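Enquirer:
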Amino acid sequence: MSAAAHISGAASRSPALRSFEAQWLAREPDAILPLREQAMGRVLRLGLPGARDESWRYTPLRQLAARSFVDAPPATEEAIAPSASLSLLGVSERVATVLMVNGHPLLPAAIDLTIDGTEISSLKTLACSDPGLLTRFLAPLSDAEETRFGLLNKALFVDGLYVKVKSRTPTPIVILHLATADRPDTVSHPRVIIEAAPGAHATIIEHHVRQGAYTPLCNSATHLALRRGAALDHYRVFASDAESTHFDSLDIVQERDSTCRQFTIVLGGGLVRATLEHLASEPGANLDSYSLLVGHEQRHVDCVNVVRHAAAGTRSRQTARSIASGESRVIFNSKVVVDAGAVRAESQQSLRGLLLSPTAEIDCRPQLEIHADEVKCAHGASIGRLDADMLFYLLSRGLDRETAQTLLVYAFLGEVLAAMTVPTARSAIESALITQLPNPDLLRSLR
Amino acid sequence: MQLLKIDHLSARVAGKQILDGIDLEVGPGEVHAIMGPNGSGKSTLAQVLAGRADYEVTGGSVTFLGRDLLGMAPEERARAGLFLGFQYPVEIPGVNNVYLLKAALNAKRKAAGEPEVDAYEFLGLVRQKMKLMQISESFLTRGVNEGFSGGEKKRNEILQMLVLEPTLAILDETASGIDIDALKIVSERVNSLKDARRSVVLVTHYQRLLNYIVPDRVHVLSRGRILKSGDASLALELERRGYDWVVGEKVA
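Those protein sequence lines, which keep their order, are chains A and B. Per this note's numbering, residue 9 is the first one in the first sequence, and the count goes up by one each step. Per this note's numbering, residue 50 is the first one in the second sequence, and the count goes up by one each step.
1. Determine the direct distance from the alpha carbon of SER228 (chain A) to that of ALA12 (chain A), and round the result to whole angstroms.
2. With a cut-off of 8 Å on the beta carbons, I'd call ARG218 (chain A) and SER248 (chain A) a contact; round off their distance for me.
3. Return no unless some Cβ of chain A is closer than 9 Å to the Cβ of ARG128 (chain B).
4. Kindly indicate which residue of A:ALA73, A:SER175, A:THR194 and A:HIS254 has the alpha-carbon position closest to the one of LEU234 (chain A).
5. Answer with buried or exposed for ARG126 (chain B), where buried requires no fewer than 16 other C-beta atoms within 10 angstroms of its C-beta.
6. What does HIS317 (chain A) pair with, by DSSP beta-bridge criteria?
7. GLU127 (chain A) touches chain B at which residues, Cβ-Cβ below 8 Å?
8. To the nearest angstrom, how far is the alpha carbon of ASP167 (chain B) from that of LEU98 (chain B)?
9. Ignoring anything shorter than 4 residues or poking outside the segment 256-284 of chain A, list the alpha helix (DSSP H) runs there in chain order.
10. With distances taken from CA atoms, which of A:ASN161, A:PRO198, A:VAL383 and A:CYS311 is nearest HIS317 (chain A)?
11. Roughly how many angstroms separate the alpha carbons of ASN415 (chain A) and PRO123 (chain B), rounded to a whole number?
12. Please name the residue in A:GLY278, A:SER355 and A:CYS268 whose C-alpha comes closest to that of ARG323 (chain A).
13. Can you check whether the C-beta of ALA117 (chain A) is within less than 9 Å of a C-beta belonging to chain B?
14. Of the residues that make up the segment 298-314 of chain A, which ones have a beta carbon closer than 7 Å to any beta carbon in chain B?
15. Between which two residues does the beta strand (DSSP E) containing SER196 (chain A) stretch?
16. How big is the Cα-Cα spacing for SER297 (chain A) and ILE273 (chain A)?
17. Nearest-angstrom Cα distance between LEU445 (chain A) and SER333 (chain A)?
18. Do you know offhand how far GLU237 (chain B)'s Cα is from LEU150 (chain B)'s?
19. Pull up the distance between the alpha-carbon of ASP265 (chain A) and that of GLY292 (chain A), whole angstroms please.
20. Taking Cβ positions, are VAL111 (chain B) and ASP69 (chain B) nearer each other than 9 Å?
21. I'd like to know whether the C-beta atoms of THR367 (chain A) and GLU410 (chain A) end up nearer to each other than 9 Å.
22. For ASP241 (chain A), which option in A:VAL182, A:ALA436 and A:ARG199 has the closest C-alpha, if you only look at C-alpha atoms?
23. Could you tell me the distance, in whole angstroms, from the CA atom of VAL314 (chain A) to the CA atom of ALA187 (chain A)?
24. Alpha carbon to alpha carbon, how far is PRO178 (chain A) from PRO224 (chain A)? Give it in angstroms, no decimals.
25. With 9 Å as the limit, tell me which residues of the segment 202-214 of chain B have their beta carbon closer than that to any beta carbon of chain A; keep them in chain order.
26. My output table needs one value for VAL5 (chain A): the three-state DSSP class, helix, strand or coil.
27. Under 7 Å Cβ to Cβ from TYR261 (chain B), same chain only, skipping five residues before and after it: list those, please.
28. Between A:LEU275, A:ARG307, A:ASP259 and A:GLU263, which lies nearest to LEU284 (chain A) when the distance is taken from Cα to Cα?
29. With a threshold of 9 Å between beta carbons, is SER130 (chain A) in contact with chain C?
30. GLY422 (chain A) touches chain B at which residues, Cβ-Cβ below 9 Å?
31. Please list the residues of the segment 226-255 of chain B that have a C-beta atom closer than 7 Å to any C-beta atom in chain A, keeping them in chain order.
32. May I ask you to verify whether the segment 213-225 of chain B touches the segment 265-273 of chain B, counting CB pairs closer than 8 Å and requiring at least 3?
33. Check whether the Cβ of VAL274 (chain A) lies closer than 8 Å to any heavy atom of the ligand ADP, and answer yes or no.
34. For the segment 396-409 of chain A, which residues have a CB atom closer than 8 Å to at least one CB atom of chain B, in sequence order?
35. With a cut-off of 9 Å, does the C-beta of GLU288 (chain B) fall near any C-beta of chain A?
36. How many whole angstroms separate the CB atoms of LEU421 (chain A) and ILE331 (chain A), which I take to be in contact at a CB cut-off of 8 Å?
Put into structure tokens, the structure is as follows:
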């Protein structure tokens, strides 16, 4: 490949960007080459996000930019057997699990391809069998520069997973993303495309875990396409280790009368930047976005939601609960855009942060950009410590201070936990969550 | 021995002196009513007795069952048998009503060296008290006071009181914001709690509640001091003549 080589300014590129370019130059051309060229060209022109990028101001990438990355190894099924402890759901549960290792789906043996109502294939296969379809899924939702890592993924993803939900699928599908490497400074670019056909229903859980000596830098991207009347519950759960860096770009396109319930849950990782870019393209589309962001020890969590109402009578509701202890930092920026013509659009943003230590920090910023009349848009953001009135009430009933505080921390997260409708997933997420809160033993006894 | 002995208690909130030398003694089995105009310090007195941290005690002492009450943490006061029925009970979504009741009862039992309550028996007890208070079944699954009307919140306070069986119940404006039927239910329960050992302090702006719970003593509080004390007939006189009469008499 040579397209990117012509782009000027190569000398000023950071080692990281140069290493991404080297990966790009080593890729075999495929059916979507023009799209990839465009994406890579843009990444090289823009460079990695820096201090001058408003949406990255709290998340400096200087250290990362100074490193060089090579492709994380594709792993064979024989070499990789994820330990049971990494599973979000118990083995006995009725779920279908698809394993992806460093972005490579292990399809032939790992999955029963007859999951009722779905069709599953690798993106490599899709690129050969229906390049036009793949191209349509990769079209950008917007011009936003925040999605630079999404562009990088588009240029560099080697393989990925395509799930088409064709009808009502009662069994939750778990995509277990395993990050693993036997050397430092590797990178993976996992990509997942999920299409819910008209009227289809499904729950899909993407669970990011790690195993082995080193964790690759993970630059994942997921695209959700909801056709008319489809209903999709999508979870992305980040549960990597403190050494790891994860960039995840999620975009969602919703057609008429579709309903998406999206959960973003950060329980692990050293640095996690998770973006959600949403487009309600037709009337009646409905989004419920729930975020549960847990800052623990030195963790840095940066979430950006951009929700766009582009049609009349669309609705979105965002509920974000951030909690930060130790020296962690949690950032949540949410923006709702109502296009001209999107009359009767309704949006709600409820962002709340709970600080559990004097050295932790939370920043929440809800934004609204309205270009239509007759809309109902509400937003609220609050960050603070435990509510003194609630605490006193519990103490006045004889509960000791530690129990009272623990109860209130748990209650703070309750709204998002209660919205999770897969009981086993909820229970597994709660278990993992509890270990990162004060008084885990006490919390366990409360469940 | 007096159950509660307040000696020249003074307190301030956010730098403002609210209580200015309160003297009050409550004996076992007695019902006292503390009345007074808005802003006289009634609620502050209740909160100070329960141990609210942002109310600063600037002088005086309080003895409860022979112990120095002011030296006890709020949770210790509760376990020792003091109960505050809040004027504005806070909503705590995510903390279940029944869970709180059970945790509260167990904390008290533990402090008394008693074993934890049996979960099954406990639920039976709660259901029985709920029936007495005419509280609907959905209460069991809801968060503390979550989405409750003003009257429901007050009934929940009394339900908690019935489960915890305090030695001293301080009920802050329990009758305000409830309808006549609820008032009768609440009064009946408060009367049922009272025995030779247990006492009740009613903090109330209106005389209405005192038609149903007849106090042994009535005290009129104004500007952080008790201006006048008397028997139940004082409440009726206040109803007839208003607070200005007492305040005026004192000034004169």
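Every residue, glycine too, gets a C-beta built ideally from N, C-alpha and C. Please read all numbers here as calculations on a predicted model, not as lab measurements.
Expert: The relevant details are as follows:
1. Working through the first sequence from its first residue, we reach residue 12 (chain A) at position 4. Working through the first sequence from its first residue, we reach residue 228 (chain A) at position 220. Reliability of the predicted coordinates at ALA12 (chain A) is poor, the pLDDT of 44 falling under 50, and the value obtained from them is presented with this limitation in mind. Taking the straight line from one Cα to the other gives about 22 Å.
2. Walking along the first sequence from the start, residue 218 (chain A) turns up at place 210. Walking along the first sequence from the start, residue 248 (chain A) turns up at place 240. With a Cβ gap of about 5 Å, ARG218 (chain A) and SER248 (chain A) count as contacting.
3. Here residue 128 (chain B) refers to the residue found at position 79 of the second sequence. Yes, contact with chain A.
4. Your numbering for residue 234 (chain A) matches position 226 in the first sequence. The candidate whose alpha carbon is nearest that of LEU234 (chain A) is A:SER175.
5. Taking the first residue of the second sequence as position 1, residue 126 (chain B) is located at position 77. Classification for ARG126 (chain B): buried.
6. As a first step, residue 317 (chain A) must be located in the first sequence, where it is residue number 309. Bridge partners of HIS317 (chain A): A:ALA288 and A:VAL346.
7. In the first sequence, residue 127 (chain A) corresponds to position 119, counting from 1. Simply none; closest approach about 40 Å.
8. Residue numbering aside, residue 167 (chain B) sits at position 118 when the second sequence is read from its first letter. Residue numbering aside, residue 98 (chain B) sits at position 49 when the second sequence is read from its first letter. Each residue's Cα considered, the two are about 31 Å apart.
9. none
10. For the purposes of this step, residue 317 (chain A) is taken as residue 309 along the first sequence, with counting starting at 1. When only C-alpha atoms are compared, the closest one is A:VAL383.
11. Locating residue 415 (chain A) in the first sequence gives position 407, where the first residue counts as 1. Locating residue 123 (chain B) in the second sequence gives position 74, where the first residue counts as 1. Reading off the sequence, residue 415 (chain A) comes out as Leu, not Asn. Looking at the two C-alpha atoms, the distance is approximately 17 Å.
12. As a working note, residue 323 (chain A) is residue 315 in the first sequence. Comparing Cα positions, the closest option is A:SER355.
13. Along the first sequence, one-based indexing puts residue 117 (chain A) at 109. Confidence at ALA117 (chain A) is low in this model, with a pLDDT of 48, below 50, so its placement is unreliable and no value can be given for it.
14. none
15. Translated into the one-based positions of the first sequence, residue 196 (chain A) becomes position 188. First-last of the beta strand (DSSP E) with SER196 (chain A): 194-196.
16. As a position in the first sequence, residue 297 (chain A) is number 289, starting the count at 1. As a position in the first sequence, residue 273 (chain A) is number 265, starting the count at 1. The alpha-carbon atoms of SER297 (chain A) and ILE273 (chain A) are separated by roughly 11 Å.
17. For the purposes of this step, residue 445 (chain A) is taken as the residue at position 437 of the first sequence. For the purposes of this step, residue 333 (chain A) is taken as the residue at position 325 of the first sequence. When rounded, the distance between both Cα atoms is 8 Å.
18. Counting from 1 along the second sequence, the entry for residue 237 (chain B) is found at position 188. Counting from 1 along the second sequence, the entry for residue 150 (chain B) is found at position 101. Between GLU237 (chain B) and LEU150 (chain B), the C-alpha separation is close to 21 Å.
19. Locating residue 265 (chain A) in the first sequence gives position 257, counting from the first residue. Locating residue 292 (chain A) in the first sequence gives position 284, counting from the first residue. About 4 Å.
20. Here residue 111 (chain B) is taken as the residue at index 62 of the second sequence, counted from 1. Here residue 69 (chain B) is taken as the residue at index 20 of the second sequence, counted from 1. In this structure, ASP69 (chain B) does not lie closer than 9 Å to VAL111 (chain B) by Cβ.
21. Within the first sequence, the letter at position 359 stands for residue 367 (chain A). Within the first sequence, the letter at position 402 stands for residue 410 (chain A). No. Outside cutoff.
22. Against the first sequence, residue 241 (chain A) aligns to sequence position 233. Out of A:VAL182, A:ALA436 and A:ARG199, the CA that lies nearest to the CA of ASP241 (chain A) is found in A:VAL182.
23. Mapped onto the first sequence, residue 314 (chain A) falls at position 306. Mapped onto the first sequence, residue 187 (chain A) falls at position 179. Cα atoms of VAL314 (chain A) and ALA187 (chain A): separation of roughly 27 Å, rounded to the nearest angstrom.
24. What you label residue 224 (chain A) is simply residue 216 of the first sequence in a count that begins at 1. What you label residue 178 (chain A) is simply residue 170 of the first sequence in a count that begins at 1. So the alpha carbons of these two residues sit roughly 33 Å apart.
25. GLN209 and LEU213
26. Look at the range of chain A in this structure, 9 to 455, and you will see that residue 5 (chain A) is not part of it.
27. Walking along the second sequence from the start, residue 261 (chain B) turns up at place 212. These residues qualify, in order along the chain: LEU232, LYS233 and SER236.
28. In the first sequence, counting from the first residue as 1, residue 284 (chain A) sits at position 276. Selected option, being the one with the closest Cα: A:ASP259.
29. As a matter of chain content, chain C is missing from the structure shown, whose protein chains are A and B.
30. Mapped onto the first sequence, residue 422 (chain A) falls at position 414. Per Cβ cutoff of 9 Å: PRO142, GLY143, VAL144 and GLY192.
31. Against chain A - using a Cβ distance shorter than 7 Å - the segment 226-255 of chain B contributes no residues.
32. no
33. For the structure depicted, the ligand ADP is absent and the ligand set is empty, with no information on it obtainable.
34. ALA396, ASP397, MET398, PHE400, TYR401, LEU402, LEU403, SER404, ARG405, GLY406, LEU407, ASP408 and ARG409
35. The count along the second sequence starts at 1 and reaches residue 288 (chain B) at position 239. It does not: the Cβ of GLU288 (chain B) has no partner Cβ on chain A nearer than 9 Å.
36. Within the first sequence, the letter at position 413 stands for residue 421 (chain A). Within the first sequence, the letter at position 323 stands for residue 331 (chain A). At roughly 7 Å, the Cβ-Cβ gap stays under 8 Å, so LEU421 (chain A) and ILE331 (chain A) are in contact.
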